[in-house]
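To start, the structure itself, in structure tokens.
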Amino acid sequence: MFASQFSRRGWITSLFIACALPVAAQSLRVQCPTSTTLHPAVAPTADNPTGANPGIKCQEISGGDGYATMGDGTQTYLFGFGPLSGMDQINQGKPGTQSSGDFNKAYNSQYFPGVDANSGNALVPDPTYNNLSPANSNGAVMDPAEMMNVGVLAAQQPAPMMAIDEDDEFFLTLSNVGMIMRPDLFEQHTVHFHGYPNASSYFDGVPDASVAINISGSMTYYYTAPDAGTYFFHCHITPPEHLQMGMVGQLYVRPRQNRLPAGASLYAAAAAHPCAVGDILCTSPPPAVDTGATQPANGAMYAYNDGNATTRYDVEYPLQMMGFDPTFHFVGMTFNPEDFSGMQDKYFMLSGRSYPDTVNAGIITTQASDGLARPSQVQPTLITIDKTNGQTRALLRISNLNITQFNTLATIGIPMHVIAIDARLLRDAAGNDLAYDTNSVTLGGGSTVDVILDATNIPLGTYFLYTTNLDHLSNDKENFGGMMTEIAIK
Ligand SMILES: [Cu+2]
């Protein structure tokens, strides 16, 4: 009897050892390989000692909560994604995506010294360390305790931006750090790349067809990048709620054409591209006529594999049209039932900012309920075309992730040249150019357009990009603001 009880206790103890320890060690976990079958290791260098293949890109985000500041000064509660890698880039308003070599560089910390649980790198205490804006810190946060410390209340508006190059492999780790203001909720989160040519539903973030990430769990999503274009992403858990509450972000894929060597024929590259010869994951046909366009000596940036330089640009501005209902956000923080069908936006934003915040340079920080101010809206929305520095063409990557209404964006004085809709180059099957000039575009939730503003023949000055939904030119009770920004041509 005694022996039997003892052995049962021993069995239970070993069960705890077998299950609890590995789960505790692996529940928050970041994955970013330095080589794969598709992208084998390269020769190591001083800057890349692990020989990480630069075609492998990685990014890490938290799913949790936080606060943003509206155009009238109101602090709004969010469910949202926050950055756990690429922080220096994010704070400059750029995509936080890193090569695997940079992503895996040791992340300094003075709060959690020791050895990083995932990479095995020594964590060196740093006297200047600030966990809210760590120095070096395009590297990823990999220590589970530190992921919580940095990720909690760190949601940004929109979510950390992502950008990869065609042919990359992309490893995106989402860690659910919980929503500290809603301890009653056990909300899962996912990442869904909307409209993206994703070969695997397992990594598509639709919970009914795949998996969702529990609090204090991580998942590394895997994507290839078969087609250039402007996309976006969002959480796919209770979409009306989690999108309204702020789980929306921007994503784009740069075309292979950017990487052509100087003097190469753009047409020949487009005609040989998999998209031109029947790859079902992409559709851009080569242009109908070879214009003889070649890659300039200093390179160039293009939105698509156009084959004729019609999508070339000098500066780019991802702009996300969004709206917030402050009542919904308030009850989202305060344990009250949410009125989904009564949702009514009162803040109208471009990339998380309302006018006049849209024309203010720099990041917006917001003080959260723990008294700390964190970067909450970091992406620039003042469109600047600096002709004195040779810039003439701005690419606006416009997406609408407003879940309650269509939005129109209009310009005065400078035409919008629409080159693509929903990440598809405007071109017929024979390669004829279907791009067009207009002074407004109207998008429903879930759509994108790519617009070129060509300032070549436009006088220097300030122009406006604004919504013609005139009741959206307001910030709740302030009747001047909303979805508007300026285009500075100088
Ligand atoms: Cu979510």
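In our numbering, the protein residues as written are 138 to 627. The C-beta atom is built at its ideal place from N, Cα and C for all residues, glycine as well.
Contact the region 217-233 vs the region 381-395: 3+ CB pairs below 8 Å: yes
Same chain, Cβ closer than 7 Å to L519, five either side skipped, listed in chain order: Once the five neighbours on either side are set aside, the close Cβ partners of L519 are T495, V496, A498, T622, E623 and A625.
Tell me whether I595 sits in a helix, a strand or coil according to DSSP, three-state version. coil
At what residue ranges does the region 347-411 contain a whole run of the beta strand (DSSP E), taking only runs of 3 or more? 355-361, 366-371 and 385-391
Just tell me which of T327, I317 and L322 has its CA closest to the CA of L309. Ranked by Cα distance from L309, the first of T327, I317 and L322 is T327.
Where G200 sits in the DSSP three-state scheme: G200 falls in the strand class under three-state DSSP.
Identify whether Q325 lies in helix, strand or coil by the three-state DSSP scheme. coil
Starting from the Cα of G332, find the closest Cα among A425, G582, D608 and R511 and give me that residue. Considering only A425, G582, D608 and R511, the residue with the shortest C-alpha distance to G332 is G582.
Do you know how far the Cα of S236 is from the Cα of A180? 15 Å
Could you have a look at I524 and say whether DSSP puts it in helix, strand or coil? For the sequence presented, residue 524 should be read as Lys rather than Ile. Note: K524 maps to helix in three-state DSSP.
To the nearest angstrom, how far is the alpha carbon of T579 from that of Q516? 22 Å
Spatial neighbours of Q481 within its chain, please: C-beta separation below 6 Å, excluding the five flanking residues on both sides. D462
Mind listing, in chain order, the residues whose beta carbon lies closer than 5 Å to a non-hydrogen atom of ligand 1? The filter returns H326, C372, I374, H379 and M384, in chain order.
Pairs of beta-carbons, one from the region 288-300 and one from the region 225-242, closer than 8 Å: are there three or more? yes
Rounded separation between A346 and S338 - CA only: 7 Å
With distances taken Cα to Cα, identify the nearest neighbour of R628 among L290, S312 and M224. Coverage of the chain is limited to positions 138 through 627, which leaves residue 628 absent and any answer about it impossible.
Could you say which of V390, F330 and P376 lies nearest to F369 if we only look at CA atoms? F330
Contact set for Y419: own chain, Cβ-Cβ below 6 Å, skip 5 residues either direction: Per the sequence presented here, residue 419 reads as Cys, with Tyr not at that position. Excluding residues within five positions, the ones whose Cβ falls inside 6 Å are P363, D364 and C412.
Work out the CA separation of P170 and V278 for me, nearest whole Å. 15 Å
Given L487 as reference, the closest of V287, L602 and G210 once Cα atoms are compared: L602
Please report the distance separating the alpha-carbon of M620 from that of L610. 6 Å
Residue span of the alpha helix (DSSP H) that contains T464, given as start and end: Segment P463 to M470, the alpha helix (DSSP H) holding T464.
By Cβ distance, which residues of its chain are closer than 8 Å to I154, with the 5 residues on each side in sequence left out? For I154, the predicted structure reports a pLDDT of 40, less than 50, and the residue's modelled location is therefore unreliable. The matter cannot be settled from this model.
Residue from N395, V468, R490 and G489 with nearest C-alpha to R449: Of all alpha-carbon atoms in N395, V468, R490 and G489, the one lying nearest the alpha-carbon of R449 is that of N395.
In whole angstroms, what is the alpha-carbon distance linking A408 and G444? 8 Å
Is the distance from the Cβ of T604 to the Cβ of N544 below 8 Å? yes
Near T502, which residues of its chain fall below 7 Å by C-beta distance, leaving aside the five closest residues on each side in sequence? A510, R511, P512 and S513
So A292 is in the beta strand (DSSP E); what residue range does that whole segment cover? Neither: A292 is in no beta strand (DSSP E) and is coded neither H nor E.
Extent of the continuous alpha helix (DSSP H) to which D302 belongs: Where D302 is concerned, there is no enclosing alpha helix (DSSP H), although the beta strand (DSSP E) it sits in stretches over A296 to D302.
Only counting the same chain, and skipping five residues up and downstream in sequence, which positions put a Cβ closer than 7 Å to that of N594? none
Beta strand (DSSP E) runs wholly inside the region 485-555, at least 3 long, in chain order: 501-504, 510-514, 520-522, 530-537 and 544-548
Find the nearest neighbour of Q381 within the set P474, H466, G479 and A178, judged by alpha-carbon distance. H466
Mapping DSSP to helix, strand and coil, what is H176? coil
Assumed close pair L311, G200 - CB separation to whole angstroms, cut-off 8 Å: 6 Å
Have a look at N612 and A336 and give me their C-alpha separation to the nearest angstrom. The alpha-carbon separation between N612 and A336 amounts to approximately 41 Å.
To the nearest angstrom, how far is it from the Cα of L533 to the Cα of V588? 5 Å
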